[in-house]
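Protein chains in written order, with this note's numbering: chain B, -12 to 273; chain F, 518 to 946; chain Z, 84 to 545.
Note that beta-carbon positions come from the ideal geometry of N, C-alpha and C, so glycine has one too.
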Ligand SMILES: Nc1ncnc2c1ncn2[C@@H]1O[C@H](COP(=O)(O)OP(=O)(O)OP(=O)(O)O)[C@@H](O)[C@H]1O
Ligand SMILES: [Mg+2]
């Protein structure tokens, strides 16, 4: 409830397509900007009460790319992810400073409606958390509250497409009226993805979406992420470097609240420039 | 160290007998305590049922009545004013005298008439008013016997007592026996107990008025305390910032839950009756007072139920772009509902059994007609019990116990509903 | 138009408001296909419009309902005949009572005096005017609200946020109600008590040893007779609560221990609910039982051993009250005992302590603060219990320490003073509020202390 608002930011009339300038003296190694970003984080700091959980993070999120965030436990990956759709607002005592600009508009601006923001930036959580309602209702919930369907037929259509794109349609088409909590873990996670894409967001945030799943279910989700990249920007937190290497185009490495290094995934894994990144990737700690 | 391990063992073994005796004693205290409580429950229930069960049957007398114009002192049955003042008790007495011609004279005749409830005359009047053509005809009707006859049949009056010490004379007892032998007097299901209001005559007194009063009162209580209690719980769990004010509210609610109910009655009297000028004895005011009384119960239960909804559901909803209020109304509240309803039912059960605060706002008056609205003077079931318990007549003891049985039956049903609700919808996450 | 009719009208108007708001929003974006261009769902625009016209109107209606009668009564009373007005406020009150009874139909019109009938006519006339004015006012408010809503609604107007902020404030208001109830109780008893203490000095009330409010018959005696000494009531309350606690604490505690530490699952599963039944039985039932079964039984027992036990004795009331409180003590004690961590028990067992030794020396000692808190709550229950004592303890204000005699309590006296015919502002009625104030402060203090102790205890083991 206490996210601080940076006042100067909304005044900056950046054109949607261009990245914002990055402050001098930034500590992050590698290029943090992309050519056609959808979201630009600039100098983001997050505090939990007195704890400084994230320090001066600046990074762009590009369209149609998968950005992987890696780093040891407690380094602030989830924290950063949750600043992108302001889920930190729900944590008492959490404060955010700096700018998080989505298409020219600072999302921490006073005028930003968080509900609209979250409709544009969807989220998939670590543990599958379907609503204890039917499969249909799970997917239909977002379109309903955002008024995306004018009638029942349109809603049916949205549910159908979303489930198909999440690769779940064939498995559940006969049991749409059954509770979503009755699915297997992997199916539940795909249901959550279907639920997220049903509102047609621009960005999807995924916080360790496969950590509760077996390798086969994980492989299906990874395929799915690859397909979804066609239409969405995806930010994924993962503890598996293989997964990061498989699904992402860019990778960001966090360490104790700092964004240490950003770069093309291939380069990061083959040729890390920062000592900490190298140590982490080669398994010396973490 | 002068003591060896062997010494220690001997010492321990010596003390063991004493210690095990203490252990056994302690255990027995525990068992006895549990049984004291359980025995009291059983004792109370068996006493109440034993005393009250008889009230569901009532002595009835079957008589051949003659709507005799002379006895009624009525020549014209079409005049309602005359009908209202006709001498119906004479008709009843004559019907009895037909059976017992020996009952000559005023005194004997009155003693004979006293076997039948005064409601018999009202019954005759009602019938004649409904159908004036009955005048002069005869018919066989069943009347309530008087409370004393009823008690005699049920064994509540000791026949062996000296005549002056009991409410019925030897002669009356002989008549009762004769009527019983003729099959004209006996116990039958007491319909009136559940279908009539209060009365000064025990045999006519019923709980319908009190039941309706309780119903109207509880409707108000529910309508006020449920939405407000749930709203308060939602606010405190989902919206309230952690600060001194919330702490104060919280401490306050817990304290309020333990304030004696009679104090709420004082509030009702001073505020609702004296300041707002609301009507005395009305279910409306009773419901207002009881809703303040049940509010803390409902808030506390609802908060517990809301707290039990896992945070992942909230995150999922917020992550979908639901507002906080949508999150609550679409997800949290439906999931918490069984717990909320359970708490509400328990609160309502408590309100149903509450007496003291209602005495303060005048719901303790003697009221014959069942209420027909929220502002009609009324009483409630527990207050009816209190009023009857105060009545000196022996026959009211039975009624009181029966009224308690009715009250307990409602409470048992409500609590059972709460238990079923809790076990049916209990979720494990 | 009566209030219920006004309410119905208002609800209909609010529904209209919803419909206007909703259809206006849809109309602005050209029908259902354009919903995406609205900031919020159309229903939010509807609710917003309904709130704009409904909330102020409901507020007006509630205020009106609260004050109309007393306002009109005052107007009518002012027009009462001169001799009534001259005779003082008490007579005006009686006069108004007659008027009200006549209006309610509880006295026949023929039996009322000319003046009363005239006043009743005046009342009806004023009431008619008031109701018409109310209806007009409500309609105007709704129309203004609707016009405002129609003008405000635009596709990018944040209707959902507006609706939610209103609803959140309503939730907040509901949550603070509890505080207002407490304040309300406090103010209402304080107000009447102050009136009482103007007539009877505080020290006389708190320390006087004679309680006989009924004897203050003569006007010159009122308040100065010294018959409002509440000490006998305090002593009676203390004695009965004491007897109750003597029963409830050991029995409740021991049964909680037995059920928590010794009983088999099967035994526990039926004994515990049976004990809890005791908590669900209405107190009026206990009262009836104490007065009709326990009281006479104790008297009989007393006779057989040569003791003189009154049929309404402190003992009978205390005994039954103690039974009533057993489940209260036992369930609180159960909570406290199960909150003691297993590791503490294991420590004692590992030293070779027997079960009862572990319980007495470790578990109970650890749970002591919690149990003390629970017992304090139980005391507050006993002090405030009304029906059992009203029915079984008697009315005589004896200052005695003999539990076989009849005593009276604070709650009994509140009930006796306030039931039956009462005139307001007499010291008799006011005394009840003074007693209520004592009771409220005492129980609030006990609860506060007890809850504080219990919470501290819980935090210790979390
Ligand atoms: N609600 C909170 N309140 C206080 N501190 C928090 C909160 N959430 C996270 N933190 C702290 O912020 C830091 C970053 O936490 P975060 O959850 O972002 O780590 P993470 O990188 O996601 O770790 P993991 O890989 O284990 O999920 C940690 O030190 C954590 O203790
Ligand atoms: Mg994390």
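- Put simply, of 454(Z), 402(Z) and 390(Z) the residue whose alpha carbon is nearest the alpha carbon of residue 416(Z) is 454(Z).
- Straight-line spacing of the CA atoms in residue 850(F) and residue 524(Z) works out to 36 Å.
- A Cβ-Cβ distance of about 33 Å is found for the pair residue 284(Z) and residue 396(Z), leaving them out of contact under the 8 Å criterion.
- Sequence-distant partners of residue 370(Z) (beyond 5 residues in either direction) whose C-beta falls short of 7 Å from its own C-beta, in its chain, are 470, 471, 473, 474 and 475.
- Taking CB atoms only, residue 96(B) has no neighbour in chain Z less than 8 Å away.
- Runs of the alpha helix (DSSP H) lying entirely within the segment 706 to 739 of chain F, each at least 4 residues long, are 709 to 712 in chain order.
- In summary, the residues of the segment 225 to 247 of chain Z whose CB is separated from some CB of chain B by less than 8 Å are 241, 243 and 244, in the order they occur in the chain.
- Taken from the Cβ of residue 836(F), every heavy atom of ligand 1 lies 7 Å or farther away.
- Sequence-distant partners of residue 686(F) (beyond 5 residues in either direction) whose C-beta falls short of 7 Å from its own C-beta, in its chain, are 628 and 680.
- At a C-beta separation below 8 Å, residue 519(Z) has these neighbours in chain F: 779, 780 and 783.
- The closest heavy atom of ligand 2 lies less than 7 Å from the beta carbon of residue 64(B).
- For residue 187(B), the closest alpha carbon among the candidates 149(B), 214(B) and 199(B) is that of 149(B).
- When 525(F), 520(F) and 587(F) are compared, the shortest CA-CA separation from residue 604(F) is found for 587(F).
- Listed along chain B, the residues sitting closer than 8 Å to residue 829(F) by beta-carbon distance are 112, 114 and 116.
- At least one heavy atom of ligand 2 sits closer than 7 Å to the Cβ of residue 194(B).
- With its beta carbon less than 8 Å from one in chain F, residue 365(Z) belongs to the interface.
- At the C-beta level, residue 891(F) and residue 733(F) come within 8 Å of one another.
- Close to residue 498(Z), with beta-carbon spacing below 8 Å, are these residues of chain F in chain order: 779, 873, 876 and 877.
- Between residue 167(B) and residue 178(B), the C-beta gap is smaller than 8 Å, which places the two residues in contact.
- Here residue 109(B) has 183, 188 and 191 as same chain residues with Cβ atoms under 6 Å from its own Cβ, once five neighbours each way along the sequence are excluded.
- Annotation: Cβ neighbours of residue 116(Z) in chain B (cutoff 7 Å, chain order): 137.
- Under the 10 Å beta carbon count, residue 240(B) is surrounded by 16 or more other beta carbons and is classified as buried.
- At least one CB of chain Z lies nearer than 8 Å to the CB of residue 134(B).
- Contact annotation for residue 129(B) against chain F: 837, 838 and 839 [CB-CB distance below 9 Å, chain order].
- Cβ atoms of residue 783(F) and residue 249(Z) stay farther apart than 8 Å, at about 34 Å.
- Within a 10 Å sphere around the beta-carbon of residue 12(B) sit fewer than 16 other beta-carbons, which makes this residue exposed.
- Neighbours of residue 255(Z) in chain F, taken as residues whose beta carbon is under 7 Å from its own, are 752 in chain order.
- By the Cβ neighbour-count rule, residue 118(B) is buried, with 16 or more other Cβ atoms within 10 Å of its own.
- Neighbours of residue 536(F) across chain Z, judged by C-beta separation under 8 Å: 437 and 440.
- Put simply, the backbone Cα of residue 888(F) is about 9 Å away from that of residue 714(F).
- With a threshold of 7 Å, the Cβ atom of residue 903(F) does not count as near ligand 1, since no heavy atom of the ligand is closer than that.
- Put simply, of 465(Z), 488(Z), 420(Z) and 496(Z) the residue whose alpha carbon is nearest the alpha carbon of residue 537(Z) is 420(Z).
- Within the same chain, Cβ atoms closer than 8 Å to the Cβ of residue 626(F) are found at 610, 614 and 620, the five residues on either side in sequence being excluded.
- Under the 8 Å criterion on CB atoms, residue 516(Z) is classed as interfacial with respect to chain F.
- Residue 648(F) sits in coil when the DSSP states are folded into three classes, being neither helix nor strand.
- Residues of chain F whose Cβ lies closer than 9 Å to the Cβ of residue 474(Z) are, in chain order, 903, 906 and 907.
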